[in-house]
Amino acid sequence: MKKIWLGSSLMAVVLIIAGVFTLTVSFAEKKPITNPTILFLEPTDAILFENGQPVETATGEAVVKKVNAMELAYEENKATLSLDLDGTEQSMDVTVDLYPSQLHMFGNEKLIGSEVDLDSAYELTFFRIENPTTSWTLLSSNLHLEGKPSLAAGIKDAHTNKMYYVQQAIPDTAFQVLFQAAEQQLSLSTLTLEELKQLEWSYLFLGNDQLPSGEVEIEVHADGEM
127 MKKIWLGSSL MAVVLIIAGV FTLTVSFAEK KPITNPTILF LEPTDAILFE NGQPVETATG
187 EAVVKKVNAM ELAYEENKAT LSLDLDGTEQ SMDVTVDLYP SQLHMFGNEK LIGSEVDLDS
247 AYELTFFRIE NPTTSWTLLS SNLHLEGKPS LAAGIKDAHT NKMYYVQQAI PDTAFQVLFQ
307 AAEQQLSLST LTLEELKQLE WSYLFLGNDQ LPSGEVEIEV HADGEM
């Protein structure tokens with residue numbers, strides 16, 4: 127039995143999942159965003175992950191990459207996240223179609239992003255928006271986002287196998303617009319509800335190449351470690 131520690135909470139939540147998960151998601155057709163609403167989000171730090179775990183310095187501190195600029199452009203249920211990482215020549219952009227979460231946990235509203243467009247040098251390992259944000263999904267450095275609408279995204283460099291993971295608040299009005307559009311899109315989607323569940327499970331395991339088989343225990347750890 128494998129334990130995966132997710133986020134931080136005063137309450138331990140255990141989910142037992144039986145069976146074998148396979149990720150076979152058919153991605154949506156690439157359609158550009160032509161008239162988007164653009165949000166300029168507050169710059170933050172991207173936490174560096176490797177093999178599903180935060181990379182740490184010799185003193186145990188998380189290794190971070192400064193995000194100089196962070197934008198979210200959206201139209202209907204489609205959204206593009208742009209990250210301008212310190213020391214890079216061009217922004218890291220990913221476009222997704224948003225769908226309502228099909229994993230009914232913690233009683234809040236959640237959206238997940240199915241990749242539509244991303245440079246082949248990168249891999250989307252996480253894209254999730256929730257409202258209100260629960261502490262179990264937050265890194266310890268981002269607990270101030272609890273109770274607010276927030277976006278979390280993980281993008282892995284295919285060459286180094288390192289993932290840049292960001293969490294940041296978004297306006298409640300933007301969340302409501304995106305949530306309504308995502309619900310409407312769900313009925314038109316070629317993705318099945320089971321495929322959406324599989325996609326979100328892969329995100330919860332941070333895009334590991336092989337999702338776990340048999341019984342898997344996902345437990346919220348009180349000290350905030352994943």
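Number 235 in the working numbering belongs to position 109 of the sequence shown; there are no gaps in the numbering.
Glycine included, C-beta positions come from ideal geometry on N, C-alpha and C.
Looking only at its own chain, which residues have a Cβ that is under 7 Å from the Cβ of residue i, when we skip the five neighbours before and after it?
i	result
A195	P169 and D210
L271	T259, L264, Q293 and A295
A308	N203, L224, Y225, P226 and L237
How would you label residue i, buried or exposed, when you count the other beta carbons within 10 angstroms and need 16 or more for buried?
i	result
A172	buried
N268	buried
A284	exposed
L314	exposed
T251	buried
G239	buried
A184	exposed
N287	exposed
S246	exposed
Compare the Cα-Cα distances from residue i to each of the options and report the closest residue.
i	options	result
P226	S217, L237 and G233	L237
L174	I164, K204, Q293 and V222	Q293
E202	Y248, L304 and P275	L304
A300	Q311, K274, W327 and Q324	K274
L330	D212, T183 and L229	L229
E235	D298, N177 and L325	D298
G213	W327, G233, K191 and L325	K191
Please return the same chain residues whose Cβ sits closer than 8 Å to the Cβ of residue i, not counting the five positions on each side in sequence.
i	result
S152	Reliability fails at S152, whose pLDDT of 38 lies under 50, so the model's placement of it is uncertain and no value is given.
Y248	M218, V220, I281, K282, D283 and A284
L378	Residue numbering for the chain in the displayed model covers 127 to 352; residue 378 lies beyond these limits and cannot be assessed.
L319	Q228
Can you check DSSP and say which residues form a bridge with residue i?
i	result
Q294	L277
T221	T206 and D243
T185	Looking at the DSSP assignment, T185 forms no beta bridge with any residue, so it has no partner.
T163	Y200
Here's a check: name, in chain order, each residue in its chain whose Cβ is nearer than 6 Å to the Cβ of residue i, leaving out the five neighbours to either side.
i	result
I255	L237 and L277
S208	E197, S217 and D219
Within the present structure, is the beta-carbon of residue i separated from the nearest heavy atom of the ligand FAD by less than 7 Å?
i	result
S240	Of ligands this structure carries none, so the ligand FAD is not represented either.
Does the beta carbon of residue i come closer than 8 Å to any beta carbon on chain C?
i	result
Q228	In the structure shown, chain C does not exist; there is a single protein chain.
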